[in-house]
Amino acid sequence: MRRGQILCPTDFSETASHALSYAIEMANLYQVGFRLLHVVEQPMGDENFQILAITPEELAQSMEDAAAEKMKSLLAKLDSNLPIETMIRRGDAVTEILAEAEESNVGMIVIASHGRKGLSHFLHNNVAEAVANRAKCPVLVVK
Numbered sequence: 001m002r003r004g005q006i007l008c009p010t011d012f013s014e015t016a017s018h019a020l021s022y023a024i025e026m027a028n029l030y031q032v033g034f035r036l037l038h039v040v041e042q043p044m045g046d047e048n049f050q051i052l053a054i055t056p057e058e059l060a061q062s063m064e065d066a067a068a069e070k071m072k073s074l075l076a077k078l079d080s081n082l083p084i085e086t087m088i089r090r091g092d093a094v095t096e097i098l099a100e101a102e103e104s105n106v107g108m109i110v111i112a113s114h115g116r117k118g119l120s121h122f123l124h125n126n127v128a129e130a131v132a133n134r135a136k137c138p139v140l141v142v143k
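For the sequence shown, position 112 matches number 112 in UniProt numbering, and the numbering has no gaps at all.
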C-alpha cells in the first residue's frame, strides 16, 4: 500500500460509521493520517425549490453547514491521535470521492457498501461499487 493518507467518505449513516472504525484501524496499522470526506449533492434547478423560496445556492450552503456540524460531532467521538483532516465537497459523490483521492494522493479508500435508507439509498447504492471500480488506489468496501 502507498503510504498516503486513508480517505474515508461518510454520509453520517450507521454503515459509514462502521467503515470509519475500519479506516481508523488501518490508519493506526500503517501509521498514516486520514481524511474524512462528506459530499453534499449539488441541488438541481430552481424548479424544485419554488415552494421553499430558497435558491439552490442557499440550499447547498445550508446543507454544507449541516454537514459541517455533523462532521464536528463525529470528530468529537473519534479516539485517535493520528492527524485527521475533514473535507466537505459539493457535487456528485463518486466524482468528488475520486477527485479527492487523486488530489490528495491517498493510499487507500475505506468506504461503506451502502449508506442512508429510503430514496437516497436507492439513488446512491452504487457509489461504493463505482468508487471501487474507478479508483487508482486500493479500496476497502465495508458492509
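Quick reminder that beta carbons are idealized off the backbone N, C-alpha and C, glycines included.
Quick caveat, the model's predicted, so the values are computed rather than measured.
Query raised in the report: In this structure, what does DSSP give as the bridge partners for Pro83?
Result: None; Pro83 has no bridge partner.
**Report entry** Where Leu20 sits in the DSSP three-state scheme
**Finding:** helix
Requested in this report: Taking the CB atoms as reference points, tell me whether Pro9 and Leu29 lie closer together than 8 Å.
Outcome: No; because the gap between Cβ atoms is not below 8 Å, this pair is not in contact.
Query - Residue span of the alpha helix (DSSP H) that contains Arg134, given as start and end - result: 127-134
Query raised in the report: Which residues in the same chain as Val141 place their Cβ atom closer than 7 Å to its Cβ, once the five residues preceding and following it in sequence are excluded?
Result: Ile111, Ser113, Ala128, Ala132
Query raised in the report: So which of Ala60, Glu85, Ala93 has the shortest CA-CA distance to Ser104?
Result: Glu85
Requested in this report: Report, in whole angstroms, the separation of the C-beta atoms of Val40 and Met63, which I expect to be a contact under 8 Å.
Outcome: 5 Å
Query raised in the report: For Gln5, which residues of its own chain have a beta-carbon under 6 Å away from its beta-carbon, when the five flanking residues on both sides are left out?
Result: Val32, Gly33, Phe34, Arg35, Val106
Report task. List the whole-angstrom C-beta distance separating Ile88 from Ala67, where the pair is believed to meet the contact cut-off of C-beta under 8 Å. Result -> Taking the Cβ atoms as the reference, Ile88 lies roughly 5 Å from Ala67, within the contact range of under 8 Å.
Report task. Could you spell out the range, first to last residue, of the alpha helix (DSSP H) harbouring Leu74? Result -> 56-77
Query raised in the report: In chain order, what residues of the same chain lie with their CB nearer than 7 Å to the CB of Gly118, ignoring the 5 residues before and after it?
Result: Reliability of the predicted coordinates at Gly118 is poor, the pLDDT of 49 falling under 50, and no value is obtained from them.
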